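Undergrad: Would you mind keeping the following structure in view while I ask a few things?
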Amino acid sequence: MQILEDRNALSSYLLEQKKLHKTLGFAPTMGALHEGHISLYKLARKQNDLVISSIFVNPTQFNHPEDLKKYPRTLDKDIKMLKSSNFVDALYIPKIHDIYPEGLKSKKYHFDGLENEMEGKHRPGHFNGVSTVVEEFLRQVGPDNAYFGEKDFQQLAIIKKLVKQILLPVKIWGVPILREKNGLAMSSRNQRLTNRQRHSAKIIYETLEKAKKEFGKITADEIYEKVSAVFRQEKNFALEYFSIVEENTLKETRFAEPDPNIAYRAFIAVYAGDVRLIDNIALHSPLKKEPC
Ligand code: PAF
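Right, here's the structure in full:
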């Protein structure tokens, strides 16, 4: 696996590889890699001749300096993991000025309101930061296909809109969430949990599964109330939000009865101490999924 330590190294590498007319798959990450990332690379490997990943902890998408400071950084371990997976041909590890040559500032984007729901409400500026870095990466790397995890489903929806808006010829693929044995969605942030928190964090997925079981049997408001009740009794976890939304708009729904023609998904954000965990589950999907 080739390590590309700056933008010039990336450009030279791409120049060589593009002469060979290879299809290029790209999976950007913020490092602290886990099996969830490996599943992105696995799909990328299957669909492309060449696979590039990146590790860059993007400061502009963090809305609390403490969160940025505490974000796990495990570069040596990540490189070992990537090498032994054999799915990735090159790893781009840019410096801040390779991505932000004019200073650490996000661009402003609008995505038909997708950016204002859930994570957008609770993490102001987050999606401007994500979109700025993803746009820059996609422009620098120029992949045919790019891969993102469905754990960050709202991010995935926004990136699909982003590439349509800026007319980038790249297919965006969502990769299903990988879970620990107890159901906890794999995430780099899980590394910050104590063993005890990691074990009891199964409550997050259990809550989503219960909501799925109850979907269509009781009203949305009744599901919200049941979820709130669970977390009112749970001292180790603080519920930030639980929301059932229409998948296309990400707007919260308060149906008495769900519409069978609409895809619904439930989202949750929970604090375990100062570690923020998110997860989601499809409740009903009448539509066939296609990459954009
Ligand atoms: O999902 C992530 O890890 C990040 O938000 C991304 C897409 C790499 C942008 O920094």
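Throughout the sequence shown, residue numbering follows the working numbering, covering 46 to 337 in sequence.
Here a beta-carbon is modelled for each residue, glycine too, at the ideal position from N, C-alpha and C.
Source: prediction; values computed, not measured.
1. My assumption, with CB atoms under 8 Å, is that Arg237 sits in contact with Lys115. Please give the rounded CB distance.
2. Quick check on the DSSP output: the beta strand (DSSP E) that includes Phe101 runs from which residue to which?
3. Val220 lies in the beta strand (DSSP E); which residues open and close that run?
4. Thinking just about the alpha-carbon of each residue, which of Phe193, Leu136 and Glu162 is nearest to the one in Val96?
5. Note down, in chain order, each residue of its chain lying with its Cβ closer than 7 Å to the Cβ of Met163, except the 5 sequence neighbours on either side.
6. Apart from the five residues just before and just after Phe260, which ones in its own chain have a Cβ nearer than 6 Å to its Cβ?
7. Give the secondary structure of Ala246 by DSSP, where H, G and I count as helix, E and B as strand, and everything else as coil.
8. How should Leu69 be labelled, buried or exposed, when 16 other C-beta atoms within 10 angstroms of its C-beta is the threshold for buried?
9. To the nearest whole angstrom, what separates the beta carbons of Ala314 and Asn281, a pair I think is in contact under 8 Å?
10. DSSP has Ile124 in a bridge; who is on the other side?
11. What's the C-alpha gap between Val102 and Glu180?
12. For Lys258, which of Arg310, Tyr192, Asn190 and Lys64 has the nearest alpha-carbon?
13. Please name the residue in Ser84, Asp324 and Pro188 whose C-alpha comes closest to that of Lys63.
14. Is Met338 a contact residue of ligand 1, with contact defined as CB to any heavy atom under 7 Å?
15. Just list the alpha helix (DSSP H) runs in the segment 159-203, keeping only unbroken ones of 4 residues or longer that don't cross its boundaries, in chain order.
16. Since Arg321 sits in a beta bridge, which residues does DSSP pair it with?
17. Quick check on DSSP: helix, strand or coil for Ala274?
18. My assumption, with CB atoms under 8 Å, is that Pro169 sits in contact with Asn108. Please give the rounded CB distance.
19. By DSSP, does Gly81 sit in helix, in strand, or in coil?
20. Using a 10 Å radius around the Cβ and a threshold of 16 neighbouring Cβ atoms, would you call Asn93 buried or exposed?
21. Within a Cβ cutoff of 7 Å, which residues of the same chain sit near Asp324, ignoring the five residues on either side of it in sequence?
22. Between Thr177 and Ala283, what straight-line distance do the alpha-carbon atoms span, to the nearest angstrom?
23. With distances taken from each beta carbon to the nearest heavy atom of ligand 1, which residues come in below 7 Å, in chain order?
24. Alpha carbon to alpha carbon, what distance is there between Leu59 and Tyr72?
25. Considering only residues of the same chain and omitting the five flanking positions on each side of Lys339, which have a CB-CB separation below 6 Å?
26. Taking the alpha-carbon of Asn161 as reference, which of Leu212, Glu297, Asp123 and Ile141 has the nearest alpha-carbon?
27. Here's the rule I'm using: 16 or more other beta-carbon atoms within 10 Å means buried, otherwise exposed. How should Pro139 be labelled?
28. Count the other CB atoms within 10 Å of the CB of Asp121; is the residue buried (16 or more) or exposed (fewer)?
29. DSSP state of Thr298, grouped into three classes?
30. Does DSSP put Ser308 in a helix, in a strand, or in coil?
TA: From the atom records:
1. Residue 237 sits at position 192 when you count from the first residue of the sequence shown. Residue 115 sits at position 70 when you count from the first residue of the sequence shown. Between Lys115 and Arg237 the Cβ distance is about 7 Å, and since that is below 8 Å, they are a contact.
2. As a first step, residue 101 must be located in the sequence shown, where it is residue number 56. That residue, Phe101, is in no beta strand (DSSP E); it is neither H nor E in DSSP.
3. Residue numbering aside, residue 220 sits at position 175 when the sequence shown is read from its first letter. In the DSSP annotation of this structure, the continuous segment of the beta strand (DSSP E) that includes Val220 starts and ends at Lys216 to Val220.
4. Indexing the sequence shown from 1 puts residue 96 at position 51. Shortest Cα-Cα distance from Val96 to any of Phe193, Leu136 and Glu162 involves Leu136.
5. What you label residue 163 is simply residue 118 of the sequence shown in a count that begins at 1. Exclusion of the five residues before and after Met163 leaves Gln199, Tyr286, Ser288, Leu295 and Phe312 as the residues of its chain whose Cβ lies within less than 7 Å of its Cβ.
6. Working through the sequence shown from its first residue, we reach residue 260 at position 215. Same-chain partners within the cutoff: Leu328.
7. To locate residue 246, count along the sequence shown from 1; it is residue 201. Reduced to three states, the DSSP call for Ala246 is coil.
8. For the purposes of this step, residue 69 is taken as the residue at position 24 of the sequence shown. Leu69 comes out buried.
9. Here the question's residue 314 lines up with position 269 in the sequence shown. Here the question's residue 281 lines up with position 236 in the sequence shown. 15 Å between Cβ atoms; not a contact.
10. If you number the sequence shown from 1, residue 124 lands on position 79. None; Ile124 has no bridge partner.
11. As a position in the sequence shown, residue 102 is number 57, starting the count at 1. As a position in the sequence shown, residue 180 is number 135, starting the count at 1. Approximately 15 Å, taken between the alpha carbons.
12. For the purposes of this step, residue 258 is identified with residue 213 of the sequence shown, where counting begins at 1. In terms of Cα proximity to Lys258, the closest of Arg310, Tyr192, Asn190 and Lys64 is Arg310.
13. Here residue 63 refers to the residue found at position 18 of the sequence shown. Comparing Cα positions, the closest option is Pro188.
14. An answer regarding residue 338 cannot be provided, because it is not within the stretch 46 to 337 covered by the chain.
15. 164-167 and 171-186, all fully within the segment 159-203.
16. For the purposes of this step, residue 321 is taken as the residue at position 276 of the sequence shown. DSSP, once it has assigned bridges, lists Tyr316 as partnering Arg321.
17. Residue numbering aside, residue 274 sits at position 229 when the sequence shown is read from its first letter. It is helical.
18. For this step, residue 169 is matched to residue 124 along the sequence shown. For this step, residue 108 is matched to residue 63 along the sequence shown. The Cβ separation is near 6 Å, so the contact holds.
19. Locating residue 81 in the sequence shown gives position 36, where the first residue counts as 1. In this structure, Gly81 counts as helix in the three-state DSSP scheme.
20. The count along the sequence shown starts at 1 and reaches residue 93 at position 48. Buried, since its Cβ has 16 or more Cβ neighbours within 10 Å.
21. Here residue 324 refers to the residue found at position 279 when the sequence shown is read from its first residue. Hits under 7 Å: Lys196, Ala230, Ile249, Tyr250, Leu253 and Ile313.
22. As a position in the sequence shown, residue 177 is number 132, starting the count at 1. As a position in the sequence shown, residue 283 is number 238, starting the count at 1. The alpha-carbon separation between Thr177 and Ala283 amounts to approximately 30 Å.
23. Selection output, chain order preserved: Pro73, Thr74, Met75, Phe101, Asn103, Gln106, Val175, Val178, Val179, Phe193, Gly194, Asp197 and Gln200.
24. Working through the sequence shown from its first residue, we reach residue 72 at position 27. Working through the sequence shown from its first residue, we reach residue 59 at position 14. Sequence check: residue 72 is Ala here, not Tyr. Straight-line Cα distance between these residues: approximately 15 Å.
25. Because the chain in this structure spans residues 46 to 337, residue 339 falls outside the shown range and cannot be described.
26. As a first step, residue 161 must be located in the sequence shown, where it is residue number 116. It is Glu297 whose Cα lies nearest to the Cα of Asn161.
27. Looking up residue 139 in the sequence shown gives position 94. Burial of Pro139 is indicated by the presence of at least 16 other C-beta atoms within 10 angstroms of its C-beta.
28. By 1-based counting over the sequence shown, the position of residue 121 is 76. In summary, Asp121 is exposed, with fewer than 16 beta-carbon neighbours lying within 10 Å of its beta-carbon over all protein chains present.
29. The count along the sequence shown starts at 1 and reaches residue 298 at position 253. Coil.
30. Along the sequence shown, read from residue 1 onward, the residue named residue 308 stands at position 263. The sequence as given places Ala at residue 308; Ser does not occur at that position. Correct three-state label for Ala308: coil.
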